[in-house]
Amino acid sequence: MWNACRTTEAVSSSAGAAASTGVANGGVLPNVAPIPLHPRATSRRGYLLRIGQDLNLTCPYDVPFYFWSPSDNPAKILSENQVFRIRSAKLDDSGRYSCHAVGGFGKKSSEIAVRVIDPSSYVAQRECMLDANGVDPDGPCFLISYTDQDLNPKMSWDESIVMDCDVVTGTGNMDGLIYQWEVQYSRPTGSGTMHSASESGRHRLLARSSLVSMTVGNNLNSASSINVGPAGSAQSPSSSVVSDLVRFNEPRLQIEKLNLRHSGEYRCTVIDTRRAAAGRSDTISRTFRLSVEPRVDGPIIQGPKTSNETVVAGQDAVFKCEVNPEEHRSSTIRWGKSIDASQRLQYETEGREVIQWAGGTFVVLPSVPNSAIPEDELRTDGKDRGLTGEAHPMTDKTETGIARRKVSRTASLVIPNSGAVATEASPSQTSRLVLRRAKPTDAGRYVCSVLTEAGRDDHKFVHVSVIGAVGDEFGELAGNAMPPL
172 MWNACRTTEA
182 VSSSAGAAAS
192 TGVANGGVLP
202 NVAPIPLHPR
212 ATSRRGYLLR
222 IGQDLNLTCP
232 YDVPFYFWSP
242 SDNPAKILSE
252 NQVFRIRSAK
262 LDDSGRYSCH
272 AVGGFGKKSS
282 EIAVRVIDPS
292 SYVAQRECML
302 DANGVDPDGP
312 CFLISYTDQD
322 LNPKMSWDES
332 IVMDCDVVTG
342 TGNMDGLIYQ
352 WEVQYSRPTG
362 SGTMHSASES
372 GRHRLLARSS
382 LVSMTVGNNL
392 NSASSINVGP
402 AGSAQSPSSS
412 VVSDLVRFNE
422 PRLQIEKLNL
432 RHSGEYRCTV
442 IDTRRAAAGR
452 SDTISRTFRL
462 SVEPRVDGPI
472 IQGPKTSNET
482 VVAGQDAVFK
492 CEVNPEEHRS
502 STIRWGKSID
512 ASQRLQYETE
522 GREVIQWAGG
532 TFVVLPSVPN
542 SAIPEDELRT
552 DGKDRGLTGE
562 AHPMTDKTET
572 GIARRKVSRT
582 ASLVIPNSGA
592 VATEASPSQT
602 SRLVLRRAKP
612 TDAGRYVCSV
622 LTEAGRDDHK
632 FVHVSVIGAV
642 GDEFGELAGN
652 AMPPL
C-alpha cells in the first residue's frame, strides 16, 4: 500500500546496493568515504512517487562543487548542493534531473528520473503496473505521460521523433527490466516484391509488408539516438531499419529523417523479470501510431524524360535513371523494354514478367546488384557511356553512395555476356540500364518507371539504335520487334 508520506534517498552505496526507503526522520543517509569522481551508483535510477511524497536525490560523486538542473534545460540551476530535495511532490516534478559534479579531477554528470503520479487517476492506471489494489507502489510506471494525441503523432517528412518507453520504479532500481519492441508498418515494406494495379490499371512494383520484432535488454544509458532508415529502401545493410532495430538496446527509440515508410504502429512492452519470478503481472506496454505526411508535389525523375541514343554493335552502354533527391528515400525503380503484344506469351512461357503499361506492352528487365558494376564503368548518358568491352571488367572498388568498399570480383558473374539488364537502385535512388555487347536485337524503346511512397509515378523513355556489325549482322536497327532478350 502507498504510505501517506515517504522520503526516499536516491543514491546507492559503493557496492551498488539499492537506495534506502522510508527514512523516518526525513534526513539523508551518510555518504560513504570520498572517492573522487567515481559514482557510487553504477546503475541507471528512476523513482516513482505519489503526489505529496518527498524525495532526496543525491549526486553519486564526492567533490567540492555540485549543481542540479533539469536534463531538458541545463541552464536552469535547481540546487548547488550534493543533495537535491523534492518536497511534497507535484505532478510537474516529473522528469529527468541531471547532477553535475565539478572537482580537481574534472566534471562528471549523472541523470536520475522521477515520475510523480496520482494513483487514483485514469492516467496512472493506464501507464503503471497494476495489482489487486490498483497501481502497484513498486511500479514500474512509464516515466513520460502521453496523451492520446501524443500516442498518435502526425509528423512531416524529414522530421525526427522520439518514442519514449522509459520506466521508473518505487525503489529506483532499474535492474531486471527488459524492453521489447514490435513494429507493424502501415505501408508496404520489406525486401520482397509484389505487384498491384493502380486505379489507372498500371502495374506497379510494391514491397511486401513486414513485422519487425526486437527484444533488448536494459543498459546503463538513459538515452539513445539512432538513425532508422526506411525498411525495404535501397540502403546499405548498416543503415536498414531491420539491422538498426535489431541492434537497438534502449527504452527510447529515436527515428531521424522520417518518410512515409516509417508510418505504422510501434509497440513497446516493458517486462519486469522480478515480478515474473514472483508469479505476478509482469508487463506494461504502449503503442505509438505514427503517420508521416507526404512531401509536396515536385519533380521525380531528373533530366529529360525522353532521349535518343546510338550504340555501336559489340560495345557496352549504360543509361541512368535518377530520382530527384526530394523523393529519393521513397521510390521504387524498374526498367522494362517495349515488345510487340504478340510476343507476350513467348516471354511469359520463359518465366519473364510482362506488363501492360502506358498503352504498350513491356517485358521487365532482370536486375543485378548495383555493386556488380564498378563506379568507373558507370559512365552514362553521353559520349563516354561505353564500358571497357571486356567480358567481366571488374575493379576492386565501387561507390555505394555511403562509403567506398571492397566488392568481390565474383559479383561480375551476375552480369550476362550480352543483352540488357537493370541495376538495383543505389542508396541515392539511381538505377541504370546496362547493355552488354550490344546487338541489333537490343535496339528498341526502354522505359524507366518510378513509383514514390506517396503514390506518385513518373517515367523516362530511352530509344536505342544499334549500328555497326556483330558477326554477320550489319547495318542499323531501331524498334521493338525483335527476338527475346
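As numbered in our numbering, residues 172 to 656 make up the sequence shown, in order.
Cβ coordinates follow ideal geometry from the N, Cα and C atoms, glycine included.
Just how far apart, CA to CA, sit residue i and residue j?
| i | j | result |
| --- | --- | --- |
| Leu604 | Ser331 | 35 Å |
| Leu219 | Phe459 | 23 Å |
| Asp319 | Met334 | 14 Å |
| Ser127 | Glu493 | Look at the range of the chain in this structure, 172 to 656, and you will see that residue 127 is not part of it. |
| Ala609 | Gly485 | 5 Å |
| Leu431 | Ser509 | 32 Å |
| Glu524 | Thr623 | 21 Å |
| Val287 | Ser250 | 20 Å |
| Ala469 | Ser327 | Position check: residue 469 holds Gly in this sequence, whereas Ala was assumed. Gly469 and Ser327: Cα-Cα distance of roughly 16 Å. |
| Ile638 | Trp352 | 58 Å |
| Lys279 | Glu595 | 49 Å |
| His634 | Phe490 | 11 Å |
| Gln296 | Asp346 | 23 Å |
| Arg505 | Gln600 | 11 Å |
| Val354 | Gly305 | 30 Å |
| Asp225 | Pro241 | 18 Å |
| Gly626 | Ser434 | 14 Å |
| Asp243 | Gly590 | 60 Å |
| Pro324 | Ile283 | 27 Å |
| Ser636 | Thr612 | 10 Å |
| Gln517 | Gly507 | 16 Å |
| Leu228 | Ile248 | 15 Å |
| Arg140 | Phe313 | Residue coverage of the chain in this structure runs from 172 to 656, which leaves residue 140 outside it and unanswerable. |
| Ser513 | Ile526 | 13 Å |
| Asn495 | Thr520 | 37 Å |
| Cys230 | Gln425 | 28 Å |
| Ile257 | Asp263 | 11 Å |
| Leu461 | Tyr317 | 14 Å |
Rounded to the nearest angstrom, how far is the Cβ of residue i from that of residue j, given a contact under 8 Å?
| i | j | result |
| --- | --- | --- |
| Pro290 | Gly341 | The Cβ separation is near 11 Å, so there is no contact. |
| Val592 | Ser538 | 7 Å |
| Thr454 | Thr440 | 5 Å |
| Leu322 | Arg457 | 7 Å |
| Val294 | Gly266 | About 16 Å separates the two Cβ atoms, so there is no contact after all. |
| Cys336 | Arg221 | Not confirmed; about 22 Å, so no contact. |
| Lys261 | Ile472 | Lys261 to Ile472, Cβ: 57 Å. No contact. |
Between the options, which lies nearest to residue i when the distance is taken from Cα to Cα?
| i | options | result |
| --- | --- | --- |
| Gly277 | Arg523, Pro475, Tyr237 | Tyr237 |
| Ile315 | Val339, Ser292, Leu301 | Val339 |
| Ala598 | Ala625, Ile510, Val525, Thr503 | One detail in the question is off: residue 598 reads as Pro in this sequence, not Ala. Ranking Ala625, Ile510, Val525, Thr503 by Cα distance to Pro598 puts Thr503 first. |
| Lys476 | Asp629, Glu298, Val273 | Asp629 |
| Val254 | Lys247, Ser269, Asp243, Asn244 | Ser269 |
| Ser259 | Gly274, Gly223, Leu249 | Gly223 |
| Tyr350 | Gln473, His271, Tyr437, Gln296 | Tyr437 |
| Glu480 | Pro422, Tyr617, Ser240 | Tyr617 |
| Glu427 | Trp239, Val463, Val441, Asp443 | Val463 |
| Gln620 | Pro611, Val534, Leu606, Ile248 | The sequence as given places Ser at residue 620; Gln does not occur at that position. Nearest C-alpha to Ser620: Val534. |
| Asp233 | Ser265, Gly274, Arg216 | Gly274 |
| Arg446 | Asp613, Ile471, Gly310 | Gly310 |
| Trp239 | Ile257, Gly266, His271 | His271 |
| Asp329 | Arg256, Leu429, Ser281, Gln425 | Leu429 |
| Ser281 | Asp302, Ile471, Pro245 | Pro245 |
| Gly217 | Ala614, Ile472, Asn344 | Asn344 |
| Glu421 | Leu348, Leu606, Ser292 | Leu348 |
| Ala488 | Leu606, Asn252, Pro231, Tyr356 | Leu606 |
Could you have a look at residue i and say whether DSSP puts it in helix, strand or coil?
| i | result |
| --- | --- |
| Ser380 | With a pLDDT of only 27 at Ser380, under the threshold of 50, the placement of this residue in the model should not be trusted; the figure read from the coordinates follows. DSSP places Ser380 in coil when its eight states are reduced to three. |
| Ser357 | coil |
| Asn479 | strand |
| Arg608 | coil |
| Arg576 | Here Arg576 scores only 29 on pLDDT, less than 50, and its place in the model should not be relied on; the value that follows carries that caveat. Of the three classes helix, strand and coil, the one that applies to Arg576 here is strand, per DSSP. |
| Gln224 | coil |
| Arg466 | coil |
| Arg258 | coil |
| Leu536 | coil |
| Gln486 | coil |
| Ser269 | strand |
| Ala596 | coil |
| Ala246 | coil |
| Ala591 | strand |
| Tyr617 | strand |
| Thr342 | coil |
| Arg627 | coil |
| Glu493 | strand |
| Arg523 | coil |
Answer yes or no: does any C-beta atom of chain B fall closer than 8 Å to that of residue i?
| i | result |
| --- | --- |
| Arg457 | Of the chains in the structure shown, none is chain B; there is only one protein chain. |
Let me know the beta strand (DSSP E) ranges lying completely inside the segment 291-335, each 3 residues or longer, listed in chain order. 325-327, 332-335
Which runs of the beta strand (DSSP E) fall wholly inside the segment 421-454 and span at least 3 residues, in chain order? List check, beta strand (DSSP E) in window: 423-426, 435-443.
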